[in-house]
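Numbering (my numbering), first residue to last: 1 to 241.
Cβ atoms here follow ideal geometry from the backbone N, Cα and C, with glycine treated the same way.
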Amino acid sequence: MIGFYPIYFMKLTKKMINLLIFLFAIIVSYFLNQQEKSKPAQTTTSNTAQQAVKNSYDIVMADDKYGQNATAPVDYYMLVLSWSPSFCEAQREKNNGKIPEKATYQCSSYKKFGWVIHGLWAQNKNARTVEDHPRFCQGDLPSVSPQIIEKYLPESPGASLLQGEWEKHGACAFNDPESYFAKQKALFDDLVLPDTWMRNNELFRWMRKNNPQLDRVYLGASKNELYICYDKKWNVMDCPR
């Protein structure tokens, strides 16, 4: 009987070790499977962005109804933000329930957008109409590279949108598209934004409460857009009324 117990415990210990190895293998297998499941979503995300820049997104200046104004001086800048769900709803209403191709990434994407960047506009303080502001200052420009466009889609979800804003507005204050896109993204990232639509007065109060830099600053808005103005040194300023 004396020799029985060591043998018994050796067998028991061996069984426990085998059991632990088995459990460890199950845990490792589980985590590997979870990683594999996440890969298709990442691929879908990448493919969706690539699809957004696959088709032509160039803007033709001659087709713009407001045309060019390369002589108006730049006095300040206006960051224009758009409430994406309202934009997409308007697109469906205009197109019999369908989303136009240029808005597919924003309105039919796997990702649901809230506030997005419409553009960063170079403005003239004496302007009374859209045509009075600087526009197309460098003329009709070639398409921005797909790699740059794709990089800034998360904040400004449309290849045609990014291309158009660069040609119409960005080229009046920046030498290259990436500098323009990077600046509007930096201004956007500096803001705390609500995750729901609000009426203008409610939106203004919310923005001032949650963004100290906007306290006592006059903001602008239309039905589904918010305007924040900056001087030429990028300090927040009152938007002209």
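Check: Using beta-carbon positions only, say whether HIS133 and ASN69 come within less than 8 Å of one another.; Outcome: yes
Check: Starting from the C-beta of ILE59, find all residues in its chain whose C-beta is less than 6 Å away, skip the five residues before and the five after it, and write them out in chain order.; Outcome: GLN163, GLY164 and GLU167
Check: Rounded to a whole number of angstroms, what is the C-alpha to C-alpha distance between ASN201 and GLY158?; Outcome: 28 Å
Check: Entirely within the segment 84–135 and at least 4 residues each: give me those alpha helix (DSSP H) ranges in chain order.; Outcome: 84–94 and 104–107
Check: Provide the residue span of the alpha helix (DSSP H) that contains GLU178, from first to last.; Outcome: 177–189
Check: So, using beta-carbon positions, are TYR218 and MET78 closer together than 8 Å?; Outcome: no
Check: Would DSSP call THR44 helix, strand or coil?; Outcome: At THR44 the pLDDT is 43, less than 50, meaning the model places this residue with poor confidence; the figure from the coordinates comes in the next sentence. Helix.
Check: PHE181: beta carbon under 7 Å from a heavy atom of the ligand GDP?; Outcome: For the structure depicted, the ligand GDP is absent and the ligand set is empty, with no information on it obtainable.
Check: Verify whether the separation of the beta carbon atoms of CYS88 and CYS137 is less than 8 Å.; Outcome: no
Check: Would you kindly check if the distance between the Cβ of ILE99 and the Cβ of SER86 is under 8 Å?; Outcome: no
Check: Could you check if TYR152 is buried or exposed, using at least 16 other CB atoms within 10 Å of its CB as the buried criterion?; Outcome: buried
Check: At what residues does the alpha helix (DSSP H) containing LEU162 begin and finish?; Outcome: 159–168
Check: Over the uninterrupted alpha helix (DSSP H) stretch that includes LEU141, give me the two end residues.; Outcome: Taken as a continuous stretch (DSSP letters only), LEU141 belongs to no alpha helix (DSSP H), as it is neither H nor E.
Check: Going straight from the alpha carbon of TRP234 to that of GLN213, what length do you get?; Outcome: 12 Å
Check: Restricting to Cα atoms, I'd like to know which of PRO142, HIS169 and TYR105 is closest to SER156.; Outcome: TYR105
Check: Alpha carbon to alpha carbon, what distance is there between LEU191 and PRO240?; Outcome: 20 Å
Check: Using a 10 Å radius around the Cβ and a threshold of 16 neighbouring Cβ atoms, would you call PHE4 buried or exposed?; Outcome: Below a pLDDT of 50, predicted positions are generally treated as unreliable, and PHE4, at 47, falls in that range; the measurement from the model is reported next regardless. With fewer than 16 Cβ atoms within 10 Å of its Cβ, PHE4 is classed as exposed.
Check: Between which two residues does the beta strand (DSSP E) holding GLU155 run?; Outcome: Here GLU155 belongs to no beta strand (DSSP E), and DSSP marks it neither H nor E.
Check: Please report whether the beta-carbon of PRO146 lies at a distance below 8 Å from any beta-carbon of chain C.; Outcome: Absent from the structure is chain C; it holds one protein chain and no more.
Check: Using DSSP bridges, identify the partner residues of LEU193.; Outcome: Answer is none; LEU193 lacks a bridge partner.
Check: Does the separation of the CB atoms of LYS185 and TYR76 fall below 8 Å?; Outcome: no
Check: According to DSSP, is CYS229 part of a helix, a strand, or is it coil?; Outcome: strand
Check: By how many angstroms is the C-alpha of PRO142 removed from the C-alpha of GLY170?; Outcome: 14 Å
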